[in-house]
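Residue numbering for the sequence shown is 1 to 311, as defined by the numbering used here.
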Amino acid sequence: MKDHPQAVAPPLISPDEFATVADLLKRMTGIHIGSNKRAMVSGRLAKRLKALEIDSVDVYCTWLQQPGNAAEQDAFISALTTNMTRFNREDHHFIHLADHILPGLAAAARAGGRIRLWSAACSTGEEAYDLAFRMLDACPEAAQLNLRILATDIDKSALSIARAGIYPAASLGDLPDGFADRHLERGAGANGMARVAQGARDLITFRCLNLNGEWPFKGGFDVIMCRNVTIYFDEDTQARLWQRLADRILPGGALYIGHSELLPESIAMRFTQQERGAFCLPPDAPPRTQRRGADLNTAEAQRPDSNGGLG
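Below, the structure is given as structure tokens:
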């Protein structure tokens, strides 16, 4: 029996090369990668260097920072960021949202209010669509009201998947009973794919955004989900981001964080923790941001080349 050739792992980059790459990634995104990720970085960078026919990590990093290389900068970020997500991840957050937050938001929207939700690191889109599914169940006419979901991520490749809204049918098993039938359209082909229905897609604006950079919008949010993101940042970067996010929560709103994340005590004390990772700002809390900000132009934002601010 003939032996099959085994794949050979690319050689590890040197500690100095890793330090150069890690420093560049942090300056570009705020993401911190420890030395225990050297094998991962070596493997992912090897593909970029091979595609570009560059044989030196140092040459690549120097070239990457030169003007005119924005496309490769996006590829670099995409290669080194992690997009682990699925539908209905940490489902207790969505149960809390549906039971305690969305009924009030739906009533406010029906009364003419402006309602905004933000999936701050939406990756390939499942979390944003999870929000849309729950909102439609609570308020079927949501698209006709002033109610929108902002979904952002730094990875443009992930955002392309999110905008398409097409997922393997096998990935729908994590959704609660009936959700797939109500909110997704299964393809008739043999490849077993499903597309998010237009009603949910109409609620969402996808944008490319570095959470540690400037935010091109001014208004506050009734719900922010920023889950399993700050674990990739150092402590100072985490503290700054939590402060910025907390300041964007409107009175009566909710901030949802990942199971392994902690809010600094100075921020957590402003909220009431109602569920693991679910922090609610009291309705009578003094607002730190305005409710009204730039409108979310969904049709414009769905375009593949849309990567700017919100108007």
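Glycine included, every Cβ here is placed at the ideal spot set by N, Cα and C.
For this session: Report the rounded CA-to-CA distance for Gln273 versus Gly253, giving the unit in angstroms.
Result: Computed Cα separation, rounded: 12 Å.
Problem set entry | CA-to-CA distance, Ala107 to Ile13, given in whole angstroms | If I take the Cα positions, the gap works out to 56 Å.
Exercise. Do you know offhand how far Phe133's Cα is from Gly258's?
Worked result: Going by the C-alpha atoms only, they are around 20 Å apart.
For this session: Identify every residue that forms a DSSP beta bridge with Gln273.
Result: Gln273 pairs with Phe279.
Problem set entry | CB of Asn212 within 7 Å of CB of Gly30, strictly | The answer is yes: Cβ separation under 7 Å.
Exercise. Where does Phe206 sit, in a helix, a strand or coil, going by DSSP?
Worked result: Phe206: strand per DSSP, three-state reduction.
Problem set entry | Three-state class that DSSP yields for Phe18 in the structure shown | In this structure, Phe18 counts as helix in the three-state DSSP scheme.
For this session: May I ask you to verify whether the stretch 148 to 159 touches the stretch 199 to 215, counting CB pairs closer than 8 Å and requiring at least 3?
Result: Taking a contact to require three or more Cβ pairs closer than 8 Å, the stretch 148 to 159 and the stretch 199 to 215 qualify as touching.
Exercise. Grouping DSSP H, G and I as helix and E and B as strand, with all else coil, what is Ile154?
Worked result: The three-state secondary structure of Ile154, taken from DSSP, is coil.
Problem set entry | Proximity to Ile166 [Cα-Cα], best of Gly125, Phe179, Cys139 and Asp155 | Closest by alpha carbon: Gly125.
For this session: Report the rounded CA-to-CA distance for Thr237 versus Ile231, giving the unit in angstroms.
Result: Here the C-alpha atom of Thr237 lies approximately 10 Å from the C-alpha atom of Ile231.
Problem set entry | Test item: CB-CB of Ala169 and Ala194 under 7 Å | Yes, they are a contact pair.
For this session: Kindly confirm or deny that the stretch 239 to 249 and the stretch 173 to 191 touch, where touching means at least three C-beta pairs closer than 8 Å.
Result: Touching, no, given that fewer than three Cβ pairs across the two stretches are closer than 8 Å.
Problem set entry | Cβ neighbour criterion (16 or more within 10 Å) applied to Trp118 | So Trp118 counts as buried.
Problem set entry | Pick from Ser171, Ala142, Arg48 and Phe94 that is closest to Arg227, judged by C-alpha positions | Ranking Ser171, Ala142, Arg48 and Phe94 by Cα distance to Arg227 puts Phe94 first.
Exercise. Could you check where the alpha helix (DSSP H) with Ile249 kicks off and where it finishes?
Worked result: Taken as a continuous stretch (DSSP letters only), Ile249 belongs to no alpha helix (DSSP H), being part of the beta strand (DSSP E) at Ile249 to Ile257.
For this session: Reducing DSSP to helix, strand and coil, say where Lys2 ends up.
Result: Residue placement at Lys2 cannot be trusted, given a pLDDT of 48 that sits under 50; the coordinates are not used to answer.
Exercise. Around the Cβ of Ala200, are there at least 16 other Cβ atoms within 10 angstroms (buried) or fewer (exposed)?
Worked result: Answer is buried; the Cβ neighbour count reaches 16.
For this session: Might you give, ordered along the chain, the residues of its own chain that have their beta carbon closer than 6 Å to the beta carbon of Glu261, omitting 5 neighbours on each side?
Result: Excluding sequence neighbours, Glu261 sits near Thr230.
Problem set entry | First and last residue of the uninterrupted beta strand (DSSP E) at Tyr167 | In the DSSP annotation of this structure, the continuous segment of the beta strand (DSSP E) that includes Tyr167 starts and ends at Ile166 to Pro168.
Problem set entry | Straight-line Cα distance separating Ile115 from Leu25 | Taking C-alpha positions only, Leu25 is separated from Ile115 by approximately 35 Å.
Problem set entry | Complete runs of the alpha helix (DSSP H) confined to the stretch 47 to 83 [at least 4 residues] | Runs of the alpha helix (DSSP H) lying entirely within the stretch 47 to 83 and spanning at least 4 residues, in chain order: 57 to 64 and 70 to 80.
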